[in-house]
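Data block below; observations after.
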C-alpha cells in the first residue's frame with residue numbers, strides 16, 4: 001500500500017439562514033452555523049466533512065478545536081484511520097471524552113474516511129461491506145413546535161407527496177394537552193400505516209415524560225425521542 005501524507009487542513013465557517021424562524025422545545029432557530037473541514041493530502045485527494053451547531057458562539061469554539069488538532073494530522077497517512085483516531089482520543093482524555101472535543105474528533109474522522117473512500121474509488125458503504133442497495137429514511141425537516149396545526153398538516157402532506165412513509169413531529173410544549181392534540185391531528189391526517197415519531201428535545205422531567213408518553217400511546221408512535229435531558233441520571 002502506497003503511503004500518503006496529510007499536508008494541510010482548512011476550515012471555513014458558514015451560516016445558513018432559514019426562510020422563517022423554527023422552534024423546538026429548547027431551541028429557537030433562524031439559522032444554523034457550520035464549520036466545513038477539508039483535509040488535503042500529497043496525492044491531491046481531499047477529505048471533506050462538516051460540523052454544525054445551533055449556537056452561533058459555539059460554532060467558533062468548534063472551529064478553534066478542529067484547528068487545534070492539526071498537529072496530530074500533518075504528515076500522517078490518512079489510510080491509518082484508527083491510528084489517528086486513537087492519538088486524538090488519548091489527547092482529549094483529560095476532557096473525559098465529552099463536550100466540544102468529541103464532535104471535533106468525529107468531524108476529522110469523517111473527513112479521513114472520505115479520503116479512504118476516494119482513494120479506493122468506492123462509496124464507504126461498499127468499502128465496509130455492502131448488504132443492501134437502499135435504506136429506509138424518515139422526514140425530519142418540518143413538523144416544528146412553532147407551527148400551527150394547519151401548518152403541521154401541510155408539512156405532513158408534503159412529506160407524503162415526496163414519498164416518505166415515516167416522519168417526525170416535535171413536541172414538548174408547556175401544556176401536554178397541546179402536544180397530544182398536535183400528534184392526534186397529524187396521525188389522523190396521515191393514517192395508521194405511516195410511521196410517526198415524536199421528539200421532545202430533552203425538555204421534560206422524568207415524571208412529565210412518562211405522563212406524556214402514556215397520553216400519546218394510543219397514537220402508535222414508533223419512538224419518543226429525547227424525553228429528558230441527556231445528563232439526567
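Numbering (full-length UniProt numbering), first residue to last: 1 to 233.
The beta carbon of each residue, even a glycine, is placed where N, CA and C say it ideally should be.
List the whole-angstrom C-beta distance separating residue i from residue j, where the pair is believed to meet the contact cut-off of C-beta under 8 angstroms.
i	j	result
residue 186	residue 139	12 angstroms between Cβ atoms; not a contact.
residue 66	residue 108	7 angstroms
residue 196	residue 221	6 angstroms
residue 73	residue 9	6 angstroms
Taking the alpha-carbon positions, what's the residue i to residue j distance?
i	j	result
residue 47	residue 7	12 angstroms
residue 178	residue 219	14 angstroms
residue 60	residue 13	8 angstroms
residue 78	residue 44	13 angstroms
residue 53	residue 232	22 angstroms
residue 71	residue 3	19 angstroms
residue 234	residue 151	The chain is shown from 1 up to 233; residue 234 falls before or after that span and cannot be answered.
residue 182	residue 137	22 angstroms
residue 57	residue 63	10 angstroms
residue 68	residue 188	51 angstroms
residue 49	residue 146	30 angstroms
residue 158	residue 144	14 angstroms
residue 142	residue 134	23 angstroms
residue 33	residue 176	31 angstroms
residue 131	residue 85	26 angstroms
residue 37	residue 153	37 angstroms
residue 190	residue 120	43 angstroms
residue 42	residue 110	19 angstroms
Within the same chain, show all residues whose beta-carbon is closer than 8 angstroms to that of residue i, passing over the 5 residues directly before and after it, in chain order.
i	result
residue 117	123, 124, 127
residue 100	58, 61, 62, 65
residue 29	18, 21, 22, 23, 54
residue 223	197, 198
Which residues does DSSP list as the beta-bridge partners of residue i?
i	result
residue 56	DSSP lists no partner for residue 56.
residue 15	33
residue 166	195
residue 47	39
residue 224	198
Under 8 angstroms, do residue i and residue j count as touching if we go by C-beta distance?
i	j	result
residue 171	residue 198	yes
residue 25	residue 149	no
residue 75	residue 5	yes
residue 35	residue 51	yes
residue 115	residue 39	yes
residue 112	residue 81	yes
residue 166	residue 194	yes
residue 211	residue 180	no
residue 192	residue 228	no
So, for residue i: in the same chain, excluding its five sequence neighbours on each side, which residues have a beta-carbon less than 7 angstroms away from its beta-carbon?
i	result
residue 203	25, 26, 172
residue 20	none
residue 226	199, 200, 201, 202
For chain C, check one thing: does any of its Cβ atoms lie closer than 8 angstroms to the Cβ of residue i?
i	result
residue 165	In the structure shown, chain C cannot be found, because there is only a single protein chain.
Starting from the C-beta of residue i, find all residues in its chain whose C-beta is less than 6 angstroms away, skip the five residues before and the five after it, and write them out in chain order.
i	result
residue 164	139
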